[in-house]
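> Would you mind keeping the following structure in view while I ask a few things?
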Amino acid sequence: MKTLQELTRENIWNLTPYSCARDEFKGREASVFLDANENPYNTPYNRYPDPLQEELKAKLSTAKGVPAKNIFLGNGSDEAIDLVYRIFCEPHKDNVVAIAPTYGMYSVCADINDVEYRAVTLNDDFTLNTDRLLAAVDKHTKVIWLCSPNNPTGNALDRKEIERVLTTFQGIVVIDEAYSDFNDLPPFRHDLSRFPNMIVLNTFSKLWASASIRLGMAFASEEIIALYNKVKYPYNINQLSQQQALKILDELPRVNQWRMTILNERRNLLPAFAELPICKAVYPTEANFFLARMTDAGSIYHYLVDRGIIVRNRSRVQLCGNCLRITIGTPQENNALLGALRQYR
Ligand code: PMP
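Counting in our numbering, the sequence shown runs from 103 upward without gaps.
In structure tokens form, the structure reads like this:
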């Protein structure tokens, strides 16, 4: 790996971050806060939230098995994605390499930050072509984006191949494991000490049923987390989101129940879906959704919309011609989907 200083944009490495009132004073013994120009009357949202979300990270640390010092929290994973560009990639000069197809925000954030995005197509069966991926790297490549299980294909990338990328590439490797709760594969967040160039993304938006609070996680070395904390907005996670996140972390048995129900539904839905005459293939999935190749994805999509059932038409995505991406819902929702499609003519 190159040194972190070599990988980081010079302006970010040299940045003096904003120092907010809550950064300067930390301690519980004070009761009179006249340091942040807040309204003193309790609404109860009159005070700025904890800029580093320490209570939440302590609880999260236990839930995820990652030390709090290795956690960054963002306004959705999307913030953690965008900040990777702002920290590491010099516009017009650096580039990033990513698999294709994959989650769309990596390329949108590249465009926003004016950074070249090199998409490397997966094999036809959606497995990683590591040689092709690494061949796209040049001396200006700062970041490689991997997503496993991948969106929209649903499959997990081979761990050995991911490790080859981590050990061969000299820059930052981001592994987006937004869907890792839906399989029993060992997650990469437990290997931070083996791979100092790795950033692993997780989110509250999927299994943890909190998409609306916009809370994403990045796990990385303390040094990378320090760069994240330097660049983020001072109070990037609002108090309401922190409270709801603490609440869901107190309900992990319920979350686990959802997990079992969703995995059970996935086990039942996939073979039933594959038997539909209009389904040509259902692809293996390790996520809470699956990709299915249809006889005519466009008209089936509109047929479902007319019946109030919304799935994602991925037909225009590379390798995904005529494919629908379908989230696993409740048993009733999945039955409604199957029932409607059985009547499709
Ligand atoms: N990563 C992947 C792979 C996703 O599919 C999604 C959402 N569809 C996200 C990240 C976004 O997560 P968040 O809601 O935390 O921004």
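By construction, the Cβ of each residue, glycine as well, lies at the ideal position given by its N, Cα and C atoms.
Give the range of the alpha helix (DSSP H) segment to which residue 318 is assigned.
Residue 318 sits at position 216 when you count from the first residue of the sequence shown. From DSSP, residue 318 is part of no alpha helix (DSSP H) but of the beta strand (DSSP E) over 318-321.
> For ligand 1, enumerate in chain order all residues having a CB closer than 7 Å to any of its heavy atoms.
Residues whose Cβ lies closer than 7 Å to any heavy atom of ligand 1, listed in chain order: 178, 179, 180, 205, 207, 249, 253, 278, 280, 281, 303, 305, 306, 307, 313, 316, 317 and 318.
> Tell me whether residue 204 sits in a helix, a strand or coil according to DSSP, three-state version.
The residue labelled residue 204 in the question sits at position 102 within the sequence shown. In the structure shown, residue 204 sits in coil (DSSP, three-state: anything other than H, G, I, E or B).
> Helix, strand or coil for residue 425 per DSSP?
For this step, residue 425 is matched to residue 323 along the sequence shown. Note: residue 425 maps to strand in three-state DSSP.
> When you compare only the Cα positions, how much space is there between residue 158 and residue 447?
Along the sequence shown, one-based indexing puts residue 158 at 56. Along the sequence shown, one-based indexing puts residue 447 at 345. The alpha-carbon separation between residue 158 and residue 447 amounts to approximately 51 Å.
> Please go through the region 377-429 and give each complete beta strand (DSSP E) segment of 3 or more residues, from N-terminal end onward.
381-384, 391-396 and 425-429
> Once the 5 residues before and after residue 131 are set aside, which same chain residues still bring their CB inside 7 Å of it?
Position 29 of the sequence shown, counted from the first residue, corresponds to residue 131. Contacts found: none.
> Kindly list the residues whose CB is nearer than 8 Å to the CB of residue 213, restricted to its own chain and excluding five residues on each side of it in sequence; keep chain order.
In the sequence shown, the residue the question calls residue 213 occupies position 111. So the qualifying residues of the chain are 219.
> Helix, strand or coil: how does DSSP classify residue 256 here?
The residue labelled residue 256 in the question sits at position 154 within the sequence shown. Residue state, collapsed to three classes: coil.
> Tell me whether residue 455 sits in a helix, a strand or coil according to DSSP, three-state version.
Nothing can be reported for residue 455: it is not among the residues displayed for the chain, which extend from 103 to 447.
> When the Cα of residue 310 is compared with those of 362, 155 and 272, which residue comes out closest?
Position 208 of the sequence shown, counting from 1, holds the residue named residue 310. The candidate whose alpha carbon is nearest that of residue 310 is 362.
> Mind checking residue 112: buried by the 16 CB within 10 Å criterion, or exposed?
As a working note, residue 112 is residue 10 in the sequence shown. When all chains shown are included, residue 112 counts as exposed.
> Which term fits residue 449, buried or exposed, when burial requires 16 or more other beta carbons within 10 angstroms of its beta carbon?
Outside the modelled stretch of the chain, which goes from 103 to 447, sits residue 449, for which no answer is possible.
> Less than 8 Å between C-beta atoms, sequence neighbours within five positions excluded: which residues of the same chain meet that for residue 226?
As a position in the sequence shown, residue 226 is number 124, starting the count at 1. Cβ within range, chain order: 421.
> Please confirm if the region 316-333 is in contact with the region 161-177, defined as three or more CB-CB distances below 8 Å between the two stretches.
yes
> Report the option in 438, 377, 308 and 146 whose CA atom is closest to the CA atom of residue 179.
By one-based count along the sequence shown, residue 179 stands at place 77. The shortest C-alpha separation from residue 179 is found at 308.
> Helix, strand or coil, according to DSSP, for residue 448 in the structure here?
As shown, the chain starts at 103 and ends at 447. That puts residue 448 outside it, with no answer to give.
> Hey, quick one: how far does the alpha helix (DSSP H) through residue 157 stretch, first residue to last?
Locating residue 157 in the sequence shown gives position 55, where the first residue counts as 1. Per DSSP, residue 157 belongs to the alpha helix (DSSP H) from 156-166.
> Excluding five sequence neighbours on each side, which residues of the same chain lie with their C-beta closer than 6 Å to the C-beta of residue 332?
In the sequence shown, residue 332 corresponds to position 230, counting from 1. Take residue 332, set aside five residues on each side of it, and the residues of its chain with a beta-carbon closer than 6 Å to its own are 117 and 119, in chain order.
> Write down the C-beta distance between residue 341 and residue 103 rounded to the nearest angstrom, noting that I regard them as a contact closer than 8 Å.
In the sequence shown, residue 341 corresponds to position 239, counting from 1. In the sequence shown, residue 103 corresponds to position 1, counting from 1. Rounded, the Cβ-Cβ distance is 37 Å, inconsistent with contact.
> Please check the pair residue 230 and residue 201, which I expect to be a contact at CB under 8 Å, by giving their CB distance rounded to whole angstroms.
Stepping through the sequence shown from its first residue, residue 230 is reached at position 128. Stepping through the sequence shown from its first residue, residue 201 is reached at position 99. Right, their Cβ atoms sit about 7 Å apart.
> So the alpha helix (DSSP H) residue 172 belongs to, where does it begin and stop?
Taking the sequence shown and counting its residues from 1, one reaches residue 172 at position 70. Neither: residue 172 is in no alpha helix (DSSP H) and is coded neither H nor E.
> Do residue 320 and residue 182 have their beta-carbon atoms positioned less than 7 Å apart in this structure?
Within the sequence shown, numbered from 1, the residue matching residue 182 stands at position 80. Within the sequence shown, numbered from 1, the residue matching residue 320 stands at position 218. Against a cut-off of 7 Å, the Cβ pair of residue 320 and residue 182 comes out as a contact.
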